[in-house]
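Novice: I have a structure I would like to understand better, so I am pasting it below and will then ask my questions one at a time.
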Amino acid sequence: MNPQEAKEMTSEPPATTRGRFGREQGAATATPVAGPQQAGHRVTVGELNAYYGEQHAIKDLSIDFEPNRVTALIGPSGCGKSTLVRCINRMHEEIPGAYATGKVMVDDTDVYDSRVDVVAVRRAVGMVFQKPNPFPTMSIYDNVAAGLRLRGAKGSHLKERVEASLRSAGLWDEVKDRLAKAGIGLSGGQQQRLCIARTLAAEPEVILMDEPCSALDPIATLKIEELIDELKTKYTIVIVTHNMQQAARVADTTAFMLSGELVEHADTEKMFTNPDDDRTEQYVTGKFG
Amino acid sequence: MSAVPATTAFAPISGARRRKDQFMRGLLAAGTIVALIPLVLVIYYLLKRGLGAISWHFLSSDPTGNFLGDPGGIKSAIFGTIEMVALASVIAIPVGVGVALYLTEYGKDSRFASAVRYFVDVMTGVPSIVFGLFIYITLILSGNVGTFAGWKGSIALALLMLPIVTRSAEVVLLLVPDHLREAALALGAPRWRVVSRVVLPTALPGLVTGSLLAIARAAGETAPLLFTAAIVNGTTFNLGDRMNSLPLQIFTDVGQAQDRLVARAWGAALTLVMLILLLTLIARFVSRRSRLT
Amino acid sequence: MPETTRHAFQEELTELESQALAGLDMVVTTLERTMEALQQQDVELALMVVQDDDRIDGRYLEVHQGILSLLARQAPVATDLRLVAALLDVIKHVERMGDQCVNIAKTIPLTGHEPPVVPELLGTLLEMGRHVAAMIEQAKRAFCTRNVELAEDLVSRDDAVNRMHREAFRIALEAGEDVDTREWAMMMLGVGRALERMGDNAVDIGEQTAFIVTGLFREFTDASRPAPVS
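So this is what it looks like as structure tokens:
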């Protein structure tokens, strides 16, 4: 009898397993409960197809990102996880020859609807990139304020917003005495937190992160992972990562992609202790990659 | 350490290779020196012939046009060059940077952008006298606008500067990393704001350098001014009048029989080179503060 | 099939598994020796069993250390992780079963060189011993081949062992008139208990097999959750 049949055969109710940090979870995907702080924002992708010219990069992909949760996207190089994430804030189409069809719903709005302004979408869906990219001509203060100024905000009331964003990003104490210094004078980890503060200043609803820690040292990485854990109480977060251990540490649910398709999406714990799909099993145990 | 066995990878450098190395080095050094000789000679002659002519009187009085007696200085030529080049810059630099912005931010790889790029490249190769002739035919002979004037010279110079500014601006704008544009776009900025608040400030030092070099080039051009601005003696601040300029002043004086006029030509040449040197030094200083190059 | 990566890791894991399962072989050998010592009242053999338990303990430590090292260096997940967790459990049972054999062996010198034997009781215990040895071998095969059916079958074999244990109890109650016989019978009950515990350990190993395969941990019916009396 093969493993699949054996799983179906167990007639007794599955044993409860204690999740991370002692949360009780059933073996199936837990029904999500929105955090008590504020109603979170859900992102639902429906039948998404993305192309780079002739190349079909994402194939009929549908996935749900729960509000106030961290979802990790894992998969081998070229599987389309970065492309997927860029389709959510419509950055994908900035590449010449690239386009996408399908639906991406942020709450009740389809961001691909023809009446929707792409600029408004990007204000609601923020993005943190792999390589920290603070604006080189701006000071730390101006970098964070850029999140607001680039949307047309003016005036001096920006000061409180800048401080609040830097606090949320866990950077305030380290830079409060040198706000006027250049943004690129910080260390790699600090620069990335600066970019996160900049994204937060724009008050998004969803935050997308494309391998945010791959250019950072281990301590900086851990700081950002802790930050992500705090941020999820206010935002819905999607993180693309090459590092499976990071996905295991940081994400509530994990989705595995292969060649432009979604193979499996489940609670992180299940993905790493008992995944359903054989391909997921092969990938996470490192039998191919 | 014990003796190195013969089969090891770290064999000592062979004599033949060392000789070849030295031969090449010598050859390249010789070539460099040969190339530098004319440059050194030019500077030497400029200083030798021109330094004597320069004085306060020289710089502050207009050419008198007298064949005998005091030939005067080159004041009108200096001012004329400055005025005409300034107007040309005001025209050419914004337009040139604008075209470059179109090519890098909006047109990118489109067919139209490629065509524009091609034409700009062609324009850099057009002889400067052709620009002068073009202005002569369209603005002077056509009768509509009449005679020689400073602003017509400016336009000819602007046509000359335009492709240079566009080319160097495009290179600098392409050096602005794409991930900065991405960051700004991802924050929800419309593209024009991305350009004005991120791309241009980042590229600014490089743009300034490129523009200064284009200005230096225009200041030294003679041919476009031959048919457009003419040669006069008096200093004028009205760009509608005929206007003197340093290259033309040199042009007229050099052929004269009188030694003092020839000396004035050398002095004017030295002044022109000094002006261009000053611009180049400023460009160097600005570029050192750039964060891109 | 894509070329397998993580060669060293897979080899290490396989090696750990065979070391742990070899521990089960050691237990079977020890049990057979113990039963023979019991049958022949061989004090020297019993002493050897006690001393050889060090080898089983040593095996436990080896596998335990190997697993710690693997966890620290290789971060196994999914099936690999379940296998590692199961191996930790299996090797614990191996060590316990070794200790049970020692408990049995220790009763032999205590009963004196010529104890009064109740043949029926001794016979039942020897039968139990054979059953349990077979169960341990079956548990090992089930684990090796990841055969859940075979593992679940251990439950019914354990039922047989439990029945024999109750039978032994009944015989011991009617042991005999003199003190020496009754004393010997009491000690033999201890042996019976040890064997019954070993049977439970074998069932637990079966549960680990099911856990690796299904990813769900489920108690087969055992002494704490008895099946309805048939």
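Protein chains in written order, with the numbering used here: chain A, 1 to 289; chain B, 1001 to 1293; chain D, 2001 to 2230.
Ideal Cβ positions, reconstructed from N, Cα and C, are used throughout, including at glycine.
Since this is a predicted model, take the numbers as computed values, not measurements.
With 8 Å as the threshold, decide whether the Cβ of A:Asn89 is near any Cβ in chain D.
Specialist: In the first sequence, residue 89 of chain A corresponds to position 89, counting from 1. No, A:Asn89 does not count as interfacial toward chain D.
Novice: So, does the region 1122-1130 of chain B touch the region 1098-1113 of chain B, judging by three or more C-beta pairs under 8 Å?
Specialist: They do not touch, by the three-pair rule.
Novice: How would you call D:His2131, buried or exposed, if buried means at least 16 neighbouring beta carbons within 10 angstroms?
Specialist: Taking the third sequence and counting its residues from 1, the one referred to as residue 2131 of chain D is at position 131. Result: buried.
Novice: Would you grab the beta carbon distance between B:Ser1061 and B:Gly1072 for me? Rounded to a whole angstrom, and I think it's under 8 Å.
Specialist: In the second sequence, counting from the first residue as 1, residue 1061 of chain B sits at position 61. In the second sequence, counting from the first residue as 1, residue 1072 of chain B sits at position 72. The Cβ separation is near 5 Å, so the contact holds.
Novice: Whole angstroms are fine: how far does the CA of A:Asp229 sit from the CA of A:Gly170?
Specialist: Translated into the one-based positions of the first sequence, residue 170 of chain A becomes position 170. Translated into the one-based positions of the first sequence, residue 229 of chain A becomes position 229. For A:Gly170 and A:Asp229, the distance between alpha carbons rounds to 12 Å.
Novice: Any beta carbon of chain A sitting closer than 8 Å to that of B:Ala1115?
Specialist: Translated into the one-based positions of the second sequence, residue 1115 of chain B becomes position 115. Not closer than 8 Å to any Cβ of chain A, the Cβ of B:Ala1115 fails to qualify, so no.
Novice: Measure how close the beta-carbons of D:Ile2171 and D:Val2118 come, nearest whole angstrom, since I'm counting them as under 8 Å.
Specialist: Counting from one through the third sequence, the residue named residue 2171 of chain D turns up at place 171. Counting from one through the third sequence, the residue named residue 2118 of chain D turns up at place 118. The pair is a contact, with the Cβ atoms about 7 Å apart (cut-off 8 Å).
Novice: What is the rounded straight-line gap between the Cα of A:Ser259 and the Cα of A:Tyr52?
Specialist: Taking the first sequence and counting its residues from 1, the one referred to as residue 259 of chain A is at position 259. Taking the first sequence and counting its residues from 1, the one referred to as residue 52 of chain A is at position 52. Going from the Cα of A:Ser259 to the Cα of A:Tyr52 covers about 14 Å.
Novice: Can you list, in chain order, the residues of its chain whose CB lies under 6 Å from that of B:Ala1263, leaving out five sequence neighbours each side?
Specialist: The residue given as residue 1263 of chain B occupies position 263 in the second sequence. Contacts found: Ala1053.
Novice: A:His56 by DSSP, collapsed to three states: which one?
Specialist: Here the question's residue 56 of chain A lines up with position 56 in the first sequence. In the structure shown, A:His56 sits in a strand (DSSP, three-state: E or B).
Novice: A:Lys131 touches chain B at which residues, Cβ-Cβ below 8 Å?
Specialist: Looking up residue 131 of chain A in the first sequence gives position 131. The contacting residues are His1179.
Novice: In three-state terms, what does DSSP make of B:Pro1038?
Specialist: The sequence position of residue 1038 of chain B within the second sequence is 38, counting from 1. It is helical.
Novice: In chain A, what lies closer than 7 Å to D:Thr2079 by C-beta?
Specialist: Along the third sequence, one-based indexing puts residue 2079 of chain D at 79. Within chain A, the residues near D:Thr2079 are Glu281 and Thr285.
Novice: Run the CB neighbour count on B:Gly1255, radius 10 Å, all protein chains shown included, and call it buried at 16 or more, exposed below.
Specialist: Within the second sequence, the letter at position 255 stands for residue 1255 of chain B. B:Gly1255 is exposed by the Cβ-count criterion.
Novice: Would you list the residues sitting across from A:Ile74 in a DSSP beta bridge?
Specialist: For this step, residue 74 of chain A is matched to residue 74 along the first sequence. BP columns for A:Ile74 point to A:Phe256.
Novice: What is the DSSP secondary structure of B:Asn1244, counted as helix, strand or coil?
Specialist: Mapped onto the second sequence, residue 1244 of chain B falls at position 244. Three-state result, B:Asn1244: coil.
Novice: Determine the closest residue to A:Gln245 out of A:Met271, A:Lys232, A:Pro67 and A:Ala182, with distance taken between C-alpha atoms.
Specialist: Walking along the first sequence from the start, residue 245 of chain A turns up at place 245. When only C-alpha atoms are compared, the closest one is A:Met271.
Novice: Does DSSP put A:Phe65 in a helix, a strand or coil?
Specialist: Taking the first residue of the first sequence as 1, we reach residue 65 of chain A at position 65. In this structure, A:Phe65 counts as strand in the three-state DSSP scheme.
Novice: Could you tell me which of B:Leu1036, B:Arg1049, B:Ala1077 and B:Leu1047 sits nearest to B:Gly1234, measuring between CA atoms?
Specialist: Residue 1234 of chain B sits at position 234 when you count from the first residue of the second sequence. Among B:Leu1036, B:Arg1049, B:Ala1077 and B:Leu1047, the Cα nearest to that of B:Gly1234 is on B:Ala1077.
Novice: Counting only C-beta atoms, is B:Leu1225 closer than 8 Å to chain A at any point?
Specialist: By one-based count along the second sequence, residue 1225 of chain B stands at place 225. By this cut-off, B:Leu1225 is not an interface position.
Novice: Just to confirm the assignment: which complete alpha helix (DSSP H) runs, minimum length 4, are found wholly within the region 104-185 of chain A?
Specialist: Fully enclosed alpha helix (DSSP H) runs of 4 or longer: 118-124, 140-149, 158-168 and 172-175.
Novice: What are the residues of the region 2109-2132 of chain D that lie near chain A, defined by any Cβ-Cβ distance shorter than 9 Å?
Specialist: Answer set for the region 2109-2132 of chain D: empty.
Novice: Determine, for B:Thr1202, whether the minimum Cβ-Cβ distance to residues of chain A falls below 8 Å.
Specialist: Within the second sequence, residue 1202 of chain B is the residue found at index 202, counting from 1. Yes, B:Thr1202 lies at the interface with chain A (some Cβ there is under 8 Å from its Cβ).
Novice: Answer yes if the region 2094-2113 of chain D comes into contact with the region 2192-2206 of chain D, meaning at least three C-beta pairs across the two stretches below 8 Å, and no otherwise.
Specialist: At 8 Å Cβ cutoff, the stretches touch.
Novice: Is there a Cβ of chain A sitting closer than 8 Å to that of D:Ala2235, yes or no?
Specialist: Not covered by the structure: residue 2235 of chain D. The range shown for chain D is 2001 to 2230.
Novice: Residues of the region 1182-1201 of chain B in Cβ contact with chain A at a cutoff of 8 Å, in chain order, please.
Specialist: Of all residues in the region 1182-1201 of chain B, Glu1182, Ala1183, Ala1184, Leu1185, Ala1186, Leu1187, Gly1188, Ala1189, Pro1190, Arg1193, Val1194, Arg1197, Val1198 and Pro1201 have a Cβ within less than 8 Å of some Cβ in chain A.
Novice: Using the beta-carbon count (16 or more within 10 Å), is B:Pro1012 buried or exposed?
Specialist: For the purposes of this step, residue 1012 of chain B is taken as the residue at position 12 of the second sequence. B:Pro1012 comes out exposed.
Novice: Per DSSP, what kind of secondary structure is A:Ala27 in: helix, strand or coil?
Specialist: In the first sequence, counting from the first residue as 1, residue 27 of chain A sits at position 27. Residue placement at A:Ala27 is flagged as unreliable, the pLDDT there being 39, under the threshold of 50; the coordinate-derived value follows with that caveat. Three-state DSSP puts A:Ala27 in coil, outside helix and strand.
Novice: Counting pairs of Cβ atoms below 8 Å between the region 2101-2111 of chain D and the region 2042-2050 of chain D, do you hit three or more?
Specialist: At 8 Å Cβ cutoff, the stretches touch.
Novice: A:Pro275 touches chain D at which residues, Cβ-Cβ below 7 Å?
Specialist: Numbered from its first residue, the first sequence carries residue 275 of chain A at position 275. Correct list: Ala2078.
Novice: For a contact defined as C-beta to C-beta under 7 Å, what are the partners of A:Met105 on chain B?
Specialist: Counted from its first residue, the first sequence places residue 105 of chain A at position 105. Those within 7 Å of A:Met105 in chain B number zero; the least Cβ separation is about 19 Å.
Novice: Would you verify that the beta carbon of A:Thr221 is, or is not, closer than 8 Å to some beta carbon of chain B?
Specialist: Numbered from its first residue, the first sequence carries residue 221 of chain A at position 221. Chain B contact via Cβ: absent.
Novice: Near B:Ala1269, what residues of its chain come up, given a Cβ to Cβ distance below 7 Å and the 5 sequence neighbours on each side ignored?
Specialist: Numbered from its first residue, the second sequence carries residue 1269 of chain B at position 269. Excluding sequence neighbours, B:Ala1269 sits near Leu1046, Gly1050 and Ile1250.
Novice: Starting from the Cα of D:Gly2252, find the closest Cα among D:Phe2169, D:Ala2185 and D:Ala2168 and give me that residue.
Specialist: Given a span of 2001 to 2230 for chain D in the structure shown, any question on residue 2252 of chain D remains unanswerable.
Novice: Are the CB atoms of D:Val2148 and D:Val2213 nearer to each other than 8 Å?
Specialist: Numbered from 1 along the third sequence, position 148 holds the residue referred to as residue 2148 of chain D. Numbered from 1 along the third sequence, position 213 holds the residue referred to as residue 2213 of chain D. In contact: D:Val2148 and D:Val2213 (Cβ atoms closer than 8 Å).
Novice: For A:Gly57, which residues in the same chain have their Cβ closer than 8 Å to its Cβ, ignoring the five residues on either side in sequence?
Specialist: As a position in the first sequence, residue 57 of chain A is number 57, starting the count at 1. With the sequence shown as reference, residue 57 of chain A is identified as Ala, and Gly is not the correct amino acid for it. Cβ neighbours of A:Ala57 beyond the five flanking positions: Ala50, Tyr51, Gly80, Thr83 and Gly260.
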